[in-house]
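Okay, structure first, notes after.
2 protein chains.
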Amino acid sequence: METRELRYFVAVAEELHFGRAAERLGMAQPPLSRAVRQLERRLGATLFDRNSRGVTLTEAGAVLLREGRAALDAVDAAERRTRRAANGPAGLVLVAKAGASSELLPKLLDAYAAEPGAVPVDVLLCGVGQQEGLLRDGRADVGLLHLPFDSAAGLDVERLTTEGQVAILPAGHPLTGRRTLTMAEVAAIPGMPMPRWPGRDGTYPDGPGPEVRDHAQLLQLIGLGRAAAVLPESCRPMLGPDLATVPVPDAPRVTTVIAWPPHSRSLALAGLIRTATRL
Amino acid sequence: METRELRYFVAVAEELHFGRAAERLGMAQPPLSRAVRQLERRLGATLFDRNSRGVTLTEAGAVLLREGRAALDAVDAAERRTRRAANGPAGLVLVAKAGASSELLPKLLDAYAAEPGAVPVDVLLCGVGQQEGLLRDGRADVGLLHLPFDSAAGLDVERLTTEGQVAILPAGHPLTGRRTLTMAEVAAIPGMPMPRWPGRDGTYPDGPGPEVRDHAQLLQLIGLGRAAAVLPESCRPMLGPDLATVPVPDAPRVTTVIAWPPHSRSLALAGLIRTATRL
DNA sequence: CCGCGTCGATACCTCACGGGTATCGGTGAT
DNA sequence: ATCACCGATACCCGTGAGGTATCGACGCGG
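Just so you know, the sequences run in chain order A and B. Read in order, the letters of the first sequence are residues 1 to 279 in the working numbering. Read in order, the letters of the second sequence are residues 1001 to 1279 in the working numbering.
This is how it looks when you write it as structure tokens:
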């Protein structure tokens, strides 16, 4: 199977429409139809049900979509990492969620920079749920993830810290007088619904809350009294005076891990991981 | 990057010889040379140092070899799993080291078969260190690994059991009278060196001990008085009367885990994993 | 010092196949 | 009944993958 065929298939599987997929791929529709049919013949598997009026994925097609995306990511990662290895003599790209781990991250970077043999570390801040993709397709070498929010599937990890969560409320809100709150109480505050985070595919679940992409955005909304949220304790130092926190003991505890793609444990990466676990 | 180019590169990188690589690929040498050069141009990276009289990998080439193998495995896995999904309506392939987990494995299979909605499970017994490859390229869906011997890099795992290790000696050997032994003592028994296991690339490290590939082979050698070994406790029930065991408290404890490729958690696989963790 | 063998690169040819345009056939909506 | 939509088919063309023949550089034995 060639990556070209795989890319064609994934495009069609995502669009569920040969014409649009062809447009996205910058080609005409007939050769795309032909290529997909040829792939089906070679695999001996029907990938799409063509119900004249759109297409749908078969079971085998769903498998190939899942596995094929992972394979394409791996190919992209190989290409990117090779390019990087050829140009700069090293350097690491560390990815973290914008606004998270605001204490841990500078500590880690300082501690690592002080190590003998440390290489330059580029920090890549991204939105929620994008880290895994960046790690898997080679745009980043190592990342800070927060379990159970992020999934570490397919990545190697080391535990760093575990912490409880707190509710974030506008200063002066009646509930800020409470010693603790429950998840149910926070979720039920009138007029301040819990925000909705994007899923792994970048789309938002349905619901009443505002759609948020990163922490800055969320904190602003809370300051405006338009939302309430539950976040890890470590976000406290970065809150302005307009926000208050109340512990939420029944919220799941959050584990911060350092994660990296398997089989890519370079010397520099190993040093960074060692530094992180010693903090 | 096309998989074809990647396969060509990997062949040359493994042979370090364009002629032999071309032969292995079933093609002539000139087009292979040209394809590799073109890949280098497209990547903007020199992959080989052509020192007239053989070739050697550059740093970037080493990166691409490592990452490219993983990528090719992922592509193969996608292809294999799609074919399987298209033909049989399911079934799982479970891989285990021949001779290991001899108690756990039948228990797991029986318990799973009794579950509602269980699918047929094919058991694939393999040599030491081959499980990861089989899982990564899609020939197997799930496996039993033994940490820290096997590496679970790039696989999702659930812990099943942890156990200590025992020395395996021929019955009647003077040391069988001891209550415990240390690793050092077992390694130093005259005339009975510790065996050498193959590494991840299938080659054996240098040393005095015999080369072994699976447990049956090893136990036979011990019975002949040609080797001593340290193995997990759970191997005891499968030893014949000609072998004796002595605990080795300072040997690393062995954790048996059930492992599967990430992103491939089918319903059937989830059931098997759930059954395993409940044992 | 000179052939000779080895090995990757180059030159050149051929044809398969990837991609384009034009068009068809089937189906649901109006 | 007609039309719009969408994937499949027919057919053409140019690129490029792969083949053969040969070159150029280097190491080695006589």
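We treat Cβ as the ideally placed atom computed from N, Cα and C, and that holds for glycine. Keep in mind that this is a model prediction, so the values were computed, not measured.
Checklist entry - Mind checking if residue 1043 of chain B is an interface residue toward chain A, Cβ cutoff 8 Å exclusive? => result Translated into the one-based positions of the second sequence, residue 1043 of chain B becomes position 43. Interface residue, yes.
Checklist entry - For residue 143 of chain A, which residues does DSSP report across the bridge? => result By 1-based counting over the first sequence, the position of residue 143 of chain A is 143. Residue pairing of residue 143 of chain A in beta bridges, as defined by DSSP: A:95, A:259.
Next on the checklist: Assuming contact is defined by CB atoms lying nearer than 8 Å, are residue 8 of chain A and residue 47 of chain A in contact in what I supplied?
Outcome noted: Your numbering for residue 8 of chain A matches position 8 in the first sequence. Your numbering for residue 47 of chain A matches position 47 in the first sequence. No, Cβ-Cβ distance for residue 8 of chain A and residue 47 of chain A is not below 8 Å.
Checklist entry - I think residue 212 of chain A touches residue 221 of chain A, with their Cβ atoms under 8 Å apart; what is that distance to the nearest whole Å? => result Taking the first residue of the first sequence as position 1, residue 212 of chain A is located at position 212. Taking the first residue of the first sequence as position 1, residue 221 of chain A is located at position 221. Between residue 221 of chain A and residue 212 of chain A the Cβ distance is about 7 Å, and since that is below 8 Å, they are a contact.
Item to check | Outcome for residue 107 of chain A when other beta-carbon atoms lying within 10 angstroms are tallied against a minimum of 16 | outcome: Taking the first residue of the first sequence as 1, we reach residue 107 of chain A at position 107. So residue 107 of chain A ends up on the exposed side.
Item to check | At least 3 beta-carbon pairs within less than 8 Å: the segment 1245-1260 of chain B vs the segment 1148-1160 of chain B | outcome: Under the three-pair Cβ rule at 8 Å, the segment 1245-1260 of chain B counts as touching the segment 1148-1160 of chain B.
Checklist entry - Is it right to say residue 49 of chain A is buried, meaning 16 or more other beta carbons lie within 10 angstroms of its own, or is it exposed? => result Working through the first sequence from its first residue, we reach residue 49 of chain A at position 49. Using a 10 angstroms sphere on the CB of residue 49 of chain A, the tally of other CB atoms stays under 16, which defines it as exposed.
Item to check | residue 79 of chain A classed as buried or exposed, judged by whether at least 16 other C-beta atoms fall within 10 angstroms | outcome: Within the first sequence, residue 79 of chain A is the residue found at index 79, counting from 1. Result: buried.
Checklist entry - With a CB to CB cut of under 6 Å and the five nearest residues on each side skipped, what residues in its chain are close to residue 1262 of chain B? => result To locate residue 1262 of chain B, count along the second sequence from 1; it is residue 262. Correct list, in chain order: 1156.
Checklist entry - Nearest CA to the CA of residue 284 of chain A: which residue from A:243, A:104, A:269, A:4? => result Residue numbering for chain A in the displayed model covers 1 to 279; residue 284 of chain A lies beyond these limits and cannot be assessed.
Checklist entry - Should residue 183 of chain A and residue 228 of chain A be called a contact, given that it needs their Cβ atoms to be closer than 8 Å? => result Along the first sequence, read from residue 1 onward, the residue named residue 183 of chain A stands at position 183. Along the first sequence, read from residue 1 onward, the residue named residue 228 of chain A stands at position 228. Against a cut-off of 8 Å, the Cβ pair of residue 228 of chain A and residue 183 of chain A comes out as no contact.
Checklist entry - Can the beta-carbon of residue 231 of chain A be found less than 8 Å from the beta-carbon of residue 166 of chain A? => result For the purposes of this step, residue 231 of chain A is taken as residue 231 along the first sequence, with counting starting at 1. For the purposes of this step, residue 166 of chain A is taken as residue 166 along the first sequence, with counting starting at 1. A Cβ-Cβ contact shorter than 8 Å links residue 231 of chain A with residue 166 of chain A.
Item to check | Rounded Cβ spacing between residue 68 of chain A and residue 135 of chain A (contact assumed at less than 8 Å) | outcome: Working through the first sequence from its first residue, we reach residue 68 of chain A at position 68. Working through the first sequence from its first residue, we reach residue 135 of chain A at position 135. At roughly 19 Å, the Cβ-Cβ gap does not stay under 8 Å, so residue 68 of chain A and residue 135 of chain A are not in contact.
Next on the checklist: Please return the same chain residues whose Cβ sits closer than 8 Å to the Cβ of residue 1240 of chain B, not counting the five positions on each side in sequence.
Outcome noted: By one-based count along the second sequence, residue 1240 of chain B stands at place 240. Contacts found: 1219, 1223.
Item to check | Helix, strand or coil at residue 1110 of chain B [DSSP, three-state] | outcome: Here residue 1110 of chain B refers to the residue found at position 110 of the second sequence. Shown here, residue 1110 of chain B sits in a helix according to DSSP, grouped into three states.
Item to check | C-beta contact flag for residue 1043 of chain B and residue 86 of chain A at 8 Å | outcome: Here residue 1043 of chain B refers to the residue found at position 43 of the second sequence. Here residue 86 of chain A refers to the residue found at position 86 of the first sequence. Contact: yes.
Item to check | Exposed unless 16 or more other CB atoms sit within 10 angstroms - verdict on residue 1130 of chain B | outcome: Looking up residue 1130 of chain B in the second sequence gives position 130. In summary, residue 1130 of chain B is buried, with 16 or more beta-carbon neighbours lying within 10 Å of its beta-carbon over all protein chains present.
Item to check | chain B within 8 Å of residue 3 of chain A, Cβ atoms only | outcome: In the first sequence, the residue the question calls residue 3 of chain A occupies position 3. So yes, residue 3 of chain A belongs to the interface.
Checklist entry - What residues match up with residue 130 of chain A in a beta bridge as DSSP calls it? => result As a working note, residue 130 of chain A is residue 130 in the first sequence. Partner(s): none; residue 130 of chain A has no beta bridge.
Next on the checklist: Considering only the alpha carbon of each residue, which of A:72, A:11, A:40, A:38 lies closest to residue 27 of chain A?
Outcome noted: For the purposes of this step, residue 27 of chain A is taken as residue 27 along the first sequence, with counting starting at 1. When the alpha-carbon of residue 27 of chain A is set against those of A:72, A:11, A:40, A:38, the nearest one is in A:11.
Next on the checklist: Quick check on the DSSP output: the alpha helix (DSSP H) that includes residue 1079 of chain B runs from which residue to which?
Outcome noted: For the purposes of this step, residue 1079 of chain B is taken as residue 79 along the second sequence, with counting starting at 1. For residue 1079 of chain B, the uninterrupted alpha helix (DSSP H) run begins and ends at 1059-1086, by DSSP.
Item to check | Inter-residue CB distance, residue 99 of chain A and residue 238 of chain A (contact presumed, cutoff 8 Å) | outcome: To locate residue 99 of chain A, count along the first sequence from 1; it is residue 99. To locate residue 238 of chain A, count along the first sequence from 1; it is residue 238. About 7 Å separates the Cβ atoms of residue 99 of chain A and residue 238 of chain A, confirming a contact at the 8 Å cut-off.
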